[in-house]
Amino acid sequence: MSRSRAALFVLLGGLAVAIVGALPPVFFHLVNYRDRTIPGWLELWLWTAIVFFSLGVYKTALVVQRSLRQEANQSALVKRSERESAT
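Here is the structure:
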């Protein structure tokens, strides 16, 4: 997997988590909706979306890193077995 593809997966994972986390039904259950004004709602929603985006990017980056590491280990094992069988 190329670096640009991995970066794209990380970005899309972060966006997906931010969208799901900041959806109005989920969002309204997290806060006391009676005490907020419109600017307060927008600010709170923005911070919530940023936090969920950051968590999504972090988790997706961990998954992509783990899969890239497994691919590298598998290719190293294949190369090693090819060298050993050639000698």
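The sequence shown maps to residues 35 to 121 in this note's numbering. Beta carbons: idealized from backbone N, C-alpha and C, even for Gly.
Buried or exposed by the 16-neighbour rule on C-beta atoms within 10 Å, applied to residue i
i: A110; result: exposed
i: A56; result: buried
Nearest-angstrom Cα separation, counted from residue j out to residue i
i: V112; j: L78; result: 51 Å
i: S38; j: V91; result: 15 Å
i: Q108; j: A120; result: 18 Å
i: T82; j: P73; result: 14 Å
i: L80; j: A41; result: 23 Å
i: R103; j: F43; result: 16 Å
i: E105; j: L45; result: 21 Å
i: Q99; j: V54; result: 23 Å
i: S36; j: F86; result: 26 Å
i: S115; j: S88; result: 41 Å
i: A52; j: I84; result: 7 Å
Cutoff 7 Å; reference residue i; Cβ partners in own chain excluding five residues on either side
i: A50; result: G90
Chain-order list of residues whose beta-carbon lies under 6 Å from that of residue i (same chain, five-residue window excluded)
i: G47; result: G90, T94
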